[in-house]
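For the sequence shown, my numbering gives the first residue as -8, with consecutive numbering after it.
The beta carbon of each residue, even a glycine, is placed where N, CA and C say it ideally should be.
Just so you know, these numbers come straight off a predicted model, no measurement behind them.
As structure tokens, the structure follows; a few thoughts come after it.
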Amino acid sequence: MEFSSLPTLEDEEKESTLGFVHGVSGPVVTASSMAGAAMYELVRVGHTELVGEIIRLEGDLATIQVYEETSGVCVGDPVLRTGKPLSVELGPGIMGSIFDGIQRPLKDITELTQSIYIPRGINIPALSKDIKWDFIPSQSVRVGARHGAAPDVGRLCQQFCLRRASS
């Protein structure tokens, strides 16, 4: 998931996508005014926009697992709903890269911050849009056609070539 394309607190004008911290217990935050939220929805918690995921819904209360240090998060702080599930982005640049548990690229963060530590709430693209794959489609592949698991759809080369063996 490319975090940089998600809404931020500064961008958000609709109050319906904002909840508020109701309580904090270690990495678990409860938030109120979360009616309409979905299980496993990605949220940004507090003024530093920490990455979290809704793990329980009860009425308009949401229980959120925050994947960053929650010190400094206070009752009443904003919780921004993204409307998207926590997920990973796949594509060119993923092979050979090293990520943390929520797909933040460690090398890029180190270059940006000049530190071995990951700053709280950092929002950086998971994959570079400058990297392209050289994909060579098989002759049997047609634009718009659906394929199951069996056919060899082609080859791609990034740092090395991968090819699915034909059955």
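Provide the residue span of the beta strand (DSSP E) that contains residue i, from first to last.
i    : result
T21  : V19 to S23
T54  : L52 to V57
H13  : L9 to S16
I127 : D125 to P128
Would you say residue i faces chain D, with C-beta separation under 8 Å as the test?
i    : result
T104 : This model lacks chain D altogether; it includes just one protein chain.
With DSSP collapsed to three states, give me the class of residue i.
i    : result
E40  : coil
K75  : strand
D91  : coil
S157 : At S157 the pLDDT is 49, less than 50, meaning the model places this residue with poor confidence and gives no usable figure here.
V34  : strand
P110 : coil
R133 : coil
G145 : strand
P69  : strand
L48  : strand
E60  : coil
For the alpha helix (DSSP H) containing residue i, name the first residue and the last one.
i    : result
I100 : L97 to T104
Given residue i, which residues of its chain have a CB within under 6 Å of its CB, disregarding the five upstream and five downstream residues?
i    : result
V57  : P18, V20, V36, L41 and G43
R159 : In the structure as shown, the chain begins at -8 and stops at 158. Residue 159 is therefore absent and cannot be evaluated.
S88  : P96
G82  : L118
Short of 8 Å in beta carbon distance, which residues of its chain neighbour residue i, apart from the five on each side in sequence? Order them along the chain.
i    : result
L147 : W124, D125, F126, I127 and L153
Beta-carbon within less than 7 Å of residue i's beta-carbon, same chain only, minus the 5 sequence neighbours each way: which residues are those?
i    : result
I100 : I109, I113 and I115
P76  : Y31, E32 and L33
E60  : R111
G67  : F11 and V12
H138 : V144
D51  : S23, S24, M25 and A26
Would you call the segment 103 to 110 in contact with the segment 64 to 78, where contact means no fewer than 3 C-beta pairs closer than 8 Å?
no
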